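As structure tokens, the structure follows; a few thoughts come after it.
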Amino acid sequence: MKAIVAAELDPTFRDELAEKMKSLDFANCLACGACTAGCAFSDLHPDNDPRKMLRKVILGMREEILRDPFIWYCTMCERCTVECPMCVNIAAVTRAIRGNFRTDSPGFLQKVVDDTIRSGNQMDVQPDEYMETLEWLQEELQAELGDPDYRIPIDVEGADFLFGFNAREVKYYPNELQNILKIFYAAGANYTLSSQKWDATNLALFSGKDEDFWKITEPMLQEVVRLKTKELVVTECGHAFRSVRWGYRTFWKGPQFPIRSILEVLDEWIQQGRIKLDPTKNPEPVTLHDPCNLVRKEGVVEPQRRVLKAAVMDFREMFPNGRWNYCCGAGGGALAMPEYTEQRLIKGKRKVDQLLATGAKIVAIPCHNCMDQFNDLNKHYKLGMKMEHICSIVERALIMPEKKPKV
Amino acid sequence: MRLQYSPNIRIVEMPCSGTIDHRVLLQAFEDGADGVFVAGCMEGDCHFQKGNYRAKKRVNAVKKLLDEIGMGGERLEMYNLSAAMGPRFAEIANEMTERIRRLGPNPLKKQSAETTEKEGDVA
Amino acid sequence: MIIAQQKPIKDIAAMIADCKKVLLVGCAGCVTVCLSGGEKETEVLASSLRIMRRLQGNPLETVTYTATRQCDPEYIETLENLVKDVDAVVSLACGVGVQYLAERFHDKWVVPAQNTMFVGGSTAHGVWEERCGLCGDCILHRTGGICPIIRCSKSILNGPCGGSQYGKCEISKDVDCAWQLIYDRMKALGKLDKLLEIQPPKDWSKSRDGGPRKAIREDVMIG
Amino acid sequence: MVGAGIAGIQASLDLAESGYLVYLVESSPAIGGTMPMLDKTFPTNDCSMCILSPKLVECGRHLNIKTYTCADVVDVQGEPGNFTVIIRQRPRYVDVDKCKGCGECAEACPIDVPSEFDQGIGERKAIYKPYAQAFPNAYVIDKENCIECGACEEACQAGAIDHSMEEETIELNVGAVVLCPGFQKFDPSQLTYYGYGKYPNVLTSLEFERILSASGPFQGHLVRPYDKKEPRRIAWIQCVGSRNCRIDHGYCSSVCCMYAIKEAVIAKEHSKEPLETTIFYMDMRTYGKGFEKYYNRAKDEQGVRFIRSRIYEISEVEDESKNLRIRYANEDGTISEEEFDLVVLSVGLEPSPGVMELCRKLGLTLNKYGFAEPAPLTGVGTNKPGIFVAGAFSAPKDIPETVMQASAAAGASASLLAEARGTLVKEKEFPPEKDVSGQAPRIGVFVCHCGVNIGSVVNVPEVVEMARNLPNVVYAGEYLYACSQDSQAAMKQIIEEYGLNRVVVASCSPRTHKPLFQETVREAGLNRALFEMANIRDQCSWVHMHEPDKATEKAKDLVKMVVAKAALLEPIPQVAAGVTKAALVIGGGVSGMTSALSLADLGYRVHLVEKEQQLGGVARRIRHGLKGEEVQSFLNDLVAKVMSHPNIEVHAGTEIQAVAGYVGNFITTLTNGKELQHGVVIIATGGVEYKPTEYLYGESDRVFTQLELEEALVAGDPRIENAKTFVLIQCVGSREPERPYCSRVCCGKSVKLALKLKEKNPSANVFVLYRDIRTYGFLEDYYQEARRKGVFFIRYNLENKPLVEKEDGSLKVTVTDHVLGVPVVIEADVIGLAAAIVAPESNRQLSQLFKVPLNEDGFFLEAHMKLRPVDFTSEGIFMAGLAHGPKNLEENIAQAKAAAGRASTILSKDHLESHGVVAVVQQDKCAACLTCVRLCPYNAPKIRNYAAEIEPLLCQGCGTCAGECPNKAITLQGYKDHMQMSMSKALFREV
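Protein chains in written order, with UniProt numbering: chain A, 1 to 407; chain B, 1 to 123; chain C, 1 to 223; chain D, 1 to 991.
Next up, the structure:
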């Protein structure tokens, strides 16, 4: 990097950013180095030191920031500043810069956002395709459950909760959706899906453009009002859960209602005995990955552990975990940026070391983005492990009730 | 500051180096001391203005006398240091002990044939 | 007062080389005032001699005493029992003291530790200068209080000799020319004319040239 | 006095000595506060207990101080001069007067609980005494853990235990209240990422102090509580609970940097094997007097590693060693990972909830962090007249500043109650002095262990055995702490029992402890001079640590010598001298004027001497205080008060010509010929701004010093008005080899200037180039405000200083950015240099006149850096303000009031007793040779009727005349030649 000429510095950049973020906390930075140490990846490859990026912002080095690779390398996992003594939030700064200043959005991140705005879901699944898949699933379940008049509740008003899920569960992994619905059935859940807006994911969380973000997430929240459900439950997907919760806290002006993760609901059902599990169905050692959006940013830590302990024989924690977990390397929309795949796999090494240390055979991963990353790591580092969602593990251990519960 | 220095030193406390008297110095040698040094304040800093100057004059007079009578003047020395200079005191203590080790025990002892083990480990 | 300076210690030691036990006697008179023979100097001398002799393998025993003055019989009477078993007495007094001890203790060998120098006074602490030659016939009233006998190197009565430069005597630039001083003083007092009177040769019989002198005061003699 | 830490003790002593009755209310069972828990104190490395215990005993035994322990203030009503205070005293279940502190009860008690004093590492019984030298020297029962088994009651021969005691409510009527309840240490368990409470090898700094301390759970042997192993690598983590906005602790706790360095240095001293010590920090804040040298010595000579990096988290290694691993970022961004056996968290200071509750009840305004910050520019005042604050309760601060604020609070309270002085106090009566003349010497030898300070090196029993058969010795005994209250009582009893007429104590330095033992000897009816000390600690155990047998040998010799001298000691009569009830204050700056006003309010005449024509000093050039106070208006009304005060006589345009006399009876002549009579002196000669030679100062009119910049800014100088880029450079002249000290105020001032510049022109670019930003205490908030307002802070180091060049008419500053590691080139319109504060040349001359020492940097050297920061060693002379060393206006004002408070302890007395060690002439031996008259610097000897005579009150006891009297007519009492000769004789004579 060449010498900095003070005259060329642009202090107004700092104020513009603060106005966009509606907070000046980042200016408190003491350049103390805690975030550099906290970032799990700052020493794995160049341009990944949060302190250096923030320094450029504070000095007002507009050009440098507009071409600093850090902005796209950062997985926005917030580990660096979770305990920053000066209340700086590097992820928020990165996101604001991405959305308001950068024009070189990599890969197909922006394309996916545009598709989502247009089609309402991330995979551009057309409404008829969506309805056919549900019908197909309904038939499968009627056979599997041996209950001919089993129906998937769609647009049922006044249910306990609306279930929002990930477009991948329709497009590529309907079987996973099947498992979920089977569990709902076993628990006699009073829920509904929506025909209009069902995909809770939102890549604009990573692109940083708030207008795009709200265009995508607001309809999801409006569905809850339209269908008059008591709460919104989101499937095992980190950034989907984060999007609706963050959107709700930041932009939502409508009526108030709780938003919970499916893991919290499963945990509740198990505590209440509404579903019974047989852990012997999952004999192999299982470890749990804590997705940053679900665990560190949204604070859901214990429910998934209780669920797993009820569903498997040998549950092993990896270290560090919970609020201090390492990011899997694919956060911040990295999967939509093929040109940084190599950095993503280098970042994943730290997670691989954790997995090997536990000696587990199965990795429970309550997040779709993380799932793709873990599958890549499985292949790249030849781990030979099974990567599963918690619902698949729970479904395997499920003890179906004899008679058909009232719907 | 707990600086370590040679344990061969015995200290006689005086309110000011100006209190020292020729006879006390000579008496020390006669009683068997191998070496004596007077530690006074820095020149010009004497709390009593002239105490340490007078002490230096008297010490030099006795040094000359010790040469004349064959005891050797190097066994007596005057040093100037302030109360705040702990390291300097330790340095002096070690320096003086080395000098006296080089000079050997008090010649009066050889004469009176009874050896006291005060300086037992002297090479 | 009488000014005395201690002899080098080697000389003193030589005088008592054969003695086993000596008595050292200080004097609290003139030699204390000129810092050469008081109790402190006496004990320093004693200690030095003891160390010196022990170093030579011939230890010396010393007894010390400081008399109020050594030039009055009564003050040295108290030494009676101290001198009994000593081989010699070392006196730190002026020459008078040494002789008094010798006279009083005729069976004892008495040696001087001092060189009695002159009669004078201190001009600074530790610096003494000669002022009076004890000539027995004082002429200071003729020279404005400055004695040419002592302060002029040639003791001339009708100076100056003409050898002085810038008021200093030709023998040494540290010595003032007495007559320069006399001249300046008489000039200041406006009595220069008195210097014109020629002084006759001095009657030295009043000085020690007439043999040792005696001063008698009938009026105060006892018995 | 609410709170009996060092602040409460100092303020109580000052007030009691000035003629006021003091009620000292302490919530814990013993006075002393936090200081007794510390092992050593910086920067002198004195053992904390050793410098505190004389004050503990003095305060404990003082007739005019009533101490209430286990007591809390519940309410205060009334107005200044007439407050009613309700205090609630919790039951102690032990009668303080009966309890001898023998400890039998604790032996018998079956219950072991973690000791609060030892921070939970060591243990104590349910019935316990907080620490060995505690005052009151009595036990207390902790009812929560006591199982009422009655074992203690049986064991106690003194019948002091009374389980039926109840809580009492006591009402006190007082004129003024001083709040000094101290602080609470931050509990780091709330910062989970440090793992305190989870990982056994993560300790707080106070726990580490207990481990280091000789009276601690491991007797000073440095081991880990976890597995009692000796650690090889220890890390200190700074700013734990300080400079942290996330938990509303944004302030800096001011003391942690220094105590961390001290702990590292002392830890190295305690470990036989080489010990690796590392300190992780952000800014090394060693701003006090002597601190920078202490830091440099630790860094350059003692091998303490300093790593500038704030720690993100601590993790534990898997194996059972439970060592700790720290992953940290270096300054260039690279990551390092190291393993440590022990991690010490330098926890900050915070106000304790209970105290904040009391303040709310009293209507005291607290700042946003809950501290009772004093009203601006008062040093100790609060928003409630008559209620003053002192110590860490008003702001996190170091012990010297606490002691200064305590003396200031005492001074302020005294001036509030000037008329009531002396009304409620009792004089100290001593038993009649026994006449020992003619008796054969009967010597008692008391040998001290001083905990392990002596006992661990010198074989004390052997020394006692040897002492027992020394000539004239009739008693010899050993004591764990000779200076503690119970040993003192035992000493008195033994003097009685054995009919001793000489006392020898073999313990520590006479400088700190001789007066204490002499007081006890005097209380047993013996003249103070019949006492002598052998220093077997500073001269033996401390300096021959690794040669115990030689140290024991030497200790025996020292005792032999002192016993020989003791046999020859004679009683010395005390001589009393009157006190002129007036003070001389030198220097008319803010400090001088504040001291003068405080003393004048106390009713004493004050002569204020100022060499300039008008008062004000350097404060004339300061516009705003660090917290934005209007300094000029404050200064003008201060000058007005001084000029109009009936008790103050101002002597402007004159200096000190000559000084004569001694404490209570000074006579000073001024250059204008006036002669002043006064009892005390306060030197407040201020400081001078260093004229820089660096950074093109003087070669360009755009390079200012801070004071010049402030003046230009206020005057609307065009060079400032239309300037766009400002560069402020710190440490100009300070922290350099020629001036190895920190000028302390420049960081605060630069931050304030930067804020002012930004306020005047928000689009201006303001750069501050610094080595360490030392905005200690609540100044840290301004540093944060400056960063938020866009001031650029760039750090440089000694090897890579900023380069200032003149380039075709404009100034170019080049400095390397400390984060990005690339040079930053700045076209500066204005450069402000933080020039050092240096001592004025006149200090050297004043030091000669008053015979008071200067330190190497030219500032005046106080009697004791920690506990006597405003006194000189010579009695009756005090100092205040920049003359003592660089500090800000607020601190100078506190020190000025402290100096006045200390001076009033002398002026309030009608007569002073001379300390007795004076020279005496034996007239019949005197030859009137004038040696003594010529030598004595104090003109004490005069020739009267043909012999010398020494005026005892003028004689300072230096002994120069005695050493040179040709006929040994003069002897110095207590140090006669034959005494010294007897010591050398005893040394070499075989027993």
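We treat Cβ as the ideally placed atom computed from N, Cα and C, and that holds for glycine.
Values in this document were obtained by computation on a predicted structure and should not be read as measured data.
Between the stretch 959–978 of chain D and the stretch 44–62 of chain B, the count of Cβ pairs shorter than 8 Å is three or higher; the stretches touch.
DSSP places Arg101 of chain B in the helix class (H, G or I) of the three-state scheme. In chain order, Gly589, Gly686 place their CB closer than 6 Å to the CB of Gly617 of chain D, counting only its own chain and leaving out the 5 sequence neighbours on each side.
Contact between Ala412 of chain D and Val380 of chain D holds, with the beta-carbon distance rounding to 5 Å and staying under 8 Å. 8 Å or more divides the Cβ of Pro43 of chain D from the Cβ of Ser254 of chain D.
Closer than 7 Å at the C-beta level to chain B, one finds these residues of the UniProt domain "4Fe-4S ferredoxin-type" (946–975) of chain D: Gln956, Gly957, Cys958, Gly959, Thr960, Ala962, Gly963, Glu964, Leu972, Tyr975. Put simply, the stretch 171–180 of chain D touches the stretch 374–388 of chain D. At least three CB pairs are less than 8 Å apart. The Cβ neighbour count for Gln614 of chain D, taken over all protein chains shown within 10 Å, is under 16; the residue is labelled exposed. Runs of the beta strand (DSSP E) lying entirely within the stretch 499–569 of chain D, each at least 3 residues long, are 502–507, 531–535 in chain order. With respect to the 8 Å criterion, Pro36 of chain D and Tyr139 of chain D are not classified as neighbours on the basis of their beta carbons.
Under DSSP, Pro114 of chain D takes part in a beta bridge, and its partners are D:Glu123. Short of 7 Å from the beta carbon of Glu107 of chain D, and not among the five residues preceding or following it, lie these beta carbons of its own chain, in chain order: Ala155. Classified as buried, Gly664 of chain D has 16 or more neighbouring CB atoms from the shown chains inside 10 Å of its CB. For Phe634 of chain D, the uninterrupted alpha helix (DSSP H) segment begins and ends at 631–644. Under the 8 Å criterion on CB atoms, Ile4 of chain A is classed as interfacial with respect to chain D. Buried is the label assigned to Pro291 of chain A, since at least 16 other Cβ atoms lie within 10 Å of its Cβ. C-alpha of Tyr326 of chain A to C-alpha of Lys309 of chain A: approximately 22 Å in a straight line.
DSSP assignment within the stretch 249–322 of chain A yields the following whole beta strand (DSSP E) runs of 3 residues or more, N-terminal first: 259–261, 285–288, 314–316. The C-beta separation of Cys35 of chain A from Ile180 of chain A comes to about 37 Å, leaving the pair out of contact by the 8 Å criterion. Straight-line spacing of the CA atoms in Ala927 of chain D and Pro112 of chain C works out to 21 Å. Look at Arg934 of chain D: its C-beta is under 8 Å from a C-beta on chain C. Counting of Cβ neighbours within 10 angstroms places Lys2 of chain A among the exposed residues, the total staying below 16. Within the same chain, Thr204, Leu206, Val347, Leu349 come within 7 Å of Lys185 of chain D by CB-CB distance, once the 5 residues on both sides are set aside.
The beta carbon of Gly821 of chain D is closer than 7 Å to those of Asp332 in its chain, skipping five residues each way along the sequence.
For the pair Tyr73 of chain A and Gln354 of chain A, the CB atoms are not nearer than the 8 Å cut-off. Within the stretch 31–49 of chain C, Thr32, Val33, Leu35, Gly38, Glu39, Lys40, Glu41 place their CB atoms closer than 7 Å to a CB of chain D, listed in sequence order. The closest CA to that of Phe13 of chain A, considering only A:Val57, A:Gly33, A:Pro46, is found on A:Val57.
For the options D:Val174, D:Arg61, D:Glu465, D:Tyr128, the alpha carbon positioned closest to that of Asp142 of chain D is the one of D:Tyr128. When CB distances to chain D are screened at a threshold of 8 Å, the residues of the stretch 64–78 of chain C falling below it are Thr66, in chain order. Its chain contains Leu232, Val244, Gly247, Tyr248, Trp252, Gly254 as the residues whose beta carbon lies nearer than 8 Å to that of Leu221 of chain A, once the 5 sequence neighbours on both sides are disregarded; these appear in chain order. Residues of the stretch 798–820 of chain D with a C-beta atom less than 9 Å from some C-beta of chain A are Val813, Thr814, Asp817, His818, Val819, Leu820, listed in chain order. The alpha carbon of Gln302 of chain D has as its nearest neighbour, out of D:Lys262, D:Glu171, D:Arg285, D:Arg310, the alpha carbon of D:Lys262. Here Tyr294 of chain D is buried: its Cβ has 16 or more other Cβ atoms, across all protein chains shown, within 10 Å. One thing to note: Met404 of chain D has its Cβ no nearer than 8 Å to the Cβ of Ala11 of chain D.
Secondary-structure assignment with DSSP links Ile877 of chain D through a beta bridge to D:Val681. Membership of Gln730 of chain D in any alpha helix (DSSP H) is not indicated; the residue belongs instead to the beta strand (DSSP E) covering 725–732.
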